[in-house]
Amino acid sequence: MRFHTTRALAIAAVLAFSLAACAEDEAAPEVNTEASFPAGSTMAEFAEQGSITIGVKSDQPGIGFKDPATGEYEGFDIEMAKIVAAELGFEPDEIDFTETVSDNREPFLQAGRVDLVLASYSITPERRQIVGQAGPYYVTGQQLLVREEDKDRITGPEALEGVEVCSVTGSTSIETVETEYGATPVGFDTYSECVEQLKNGQVDAVTTDGAILLGYAAEAPDELEVVGEEFSEERYGIGFAKEDGDLCEFLKQTIQESYENGSWQEAFNATLGQAGVEAPQPPAVDEEC
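If you're matching positions, the sequence shown starts at 3 in this note's numbering and goes up one per residue.
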């Protein structure tokens with residue numbers, strides 16, 4: 003089920019910055035110290051490594067963010083990554099969080115540079131031709147971030163014809179505004195670069211998931227504003243190397259169990275829920291990966 007209170011979610015994402023440190027401790031999942039997997043399975047290989055490498059974003063408030071002061075990663079994706087790692091038998095300090103940008107998530111998985119990806123990784127049929135994607139474990143929607151003086155001119159996606167819109171190279175967001183709304187796409191490696199381009203007048207809008215955009219708007223409330231309603235559905239999944247049926251089943255089961263044992267809600271409350279927003283109903287997990 004969709005969580006429609008996007009603005010409330012975004013406020014929660016912003017507040018997660020200051021409260022994530024203590025909340026992470028409270029939401030730390032219980033490690034499966036008796037984890038045992040079939041010989042030769044990918045899960046057994048992960049366990050034998052002694053650590054696990056997970057690709058995440060570093061510039062998305064409330065979702066995947068690297069604190070410049072501490073160097074620690076925080077956000078809902080980070081907490082979900084800890085849940086998966088714990089089920090494999092890993093403590094949080096045995097996770098190697100590796101920054102992945104939208105354009106290198108599939109290459110990193112294919113090359114084995116990361117074991118899994120939890121990086122606001124929207125599930126699409128095209129991506130599932132290249133890698134596996136288990137989930138969704140979270141659903142959000144795409145919106146627009148504009149300069150304050152342009153909020154009456156650019157009011158939503160229907161006003162994007164010929165407008166220079168920035169998003170991350172390789173993201174579904176940049177593809178959507180170009181193919182469906184006639185925008186002129188401008189791609190960068192990170193959303194923070196796009197926001198700087200917007201502030202400097204080099205582009206007229208930035209697009210990605212609404213909760214992320216409102217986090218940036220809150221950092222510059224006199225300069226930037228999120229406009230319009232959500233105009234897409236983004237279903238976040240866990241990326242892994244393609245055609246690994248056992249790993250697909252393990253990840254699906256882990257997501258489902260996180261719903262049932264409360265760890266998913268704890269992860270939400272520790273990050274996006276810090277403003278007192280109640281956790282939404284978790285989305286149904288796809289049968290396929």
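Cβ atoms here follow ideal geometry from the backbone N, Cα and C, with glycine treated the same way. Please read these numbers as outputs of a predicted model, since none were measured by experiment.
- Apart from sequence neighbours up to five positions away, the residues of its chain that approach D206 with a beta-carbon distance below 6 Å are V165, E166, ordered along the chain.
- Counting of Cβ neighbours within 10 angstroms places R107 among the buried residues, the total reaching 16 or more.
- Residue pairing by DSSP places K68 opposite Y75 in a beta bridge.
- Residue pairing of D211 in beta bridges, as defined by DSSP: Q144.
- For F48, the enclosing alpha helix (DSSP H) begins and ends at 44–51.
- Cβ-Cβ distances below 8 Å link T157 to V229, G230 in the same chain, with the five nearest sequence neighbours on each side left out; the list follows chain order.
- Contact between F92 and S53 is confirmed by a C-beta separation of about 7 Å, below the 8 Å threshold.
- Each of E182, S175, T186 was checked against the Cα of I214, and the nearest Cα belongs to S175.
- Put simply, the backbone Cα of I85 is about 26 Å away from that of T192.
- Fewer than three Cβ pairs drawn from the segment 171–187 and the segment 252–260 lie within less than 8 Å of each other, which leaves the two stretches out of contact.
- When the five nearest sequence neighbours on each side are left out, the beta carbons in the same chain lying within less than 6 Å of the beta carbon of S260 are those of I85, W266, in order along the chain.
- Residue pairing by DSSP places S122 in no beta bridge whatsoever.
- If you ignore the 5 residues before and after I132, its C-beta comes within less than 6 Å of the C-beta of E108, all in its own chain and listed in chain order.
- Straight-line spacing of the CA atoms in A269 and V188 works out to 33 Å.
- In the DSSP assignment, T178 falls outside any beta strand (DSSP E) and within the unbroken alpha helix (DSSP H) covering 174–183.
- One thing to note: E236 has its Cβ no nearer than 8 Å to the Cβ of T102.
- For R107, the uninterrupted alpha helix (DSSP H) segment begins and ends at 107–113.
- Comparing alpha-carbon positions, the option among K153, L146, A161 lying closest to C168 turns out to be L146.
- The beta carbon of F190 is closer than 6 Å to those of C196 in its chain, skipping five residues each way along the sequence.
- Under DSSP, L226 forms a beta bridge with R149.
- Classified as exposed, P223 has fewer than 16 neighbouring CB atoms from the shown chains inside 10 Å of its CB.
- The alpha-carbon of D248 is positioned some 12 Å away from that of E290.
- Residue burial annotation: P40 is exposed, with fewer than 16 other C-beta atoms found within 10 angstroms of its C-beta.
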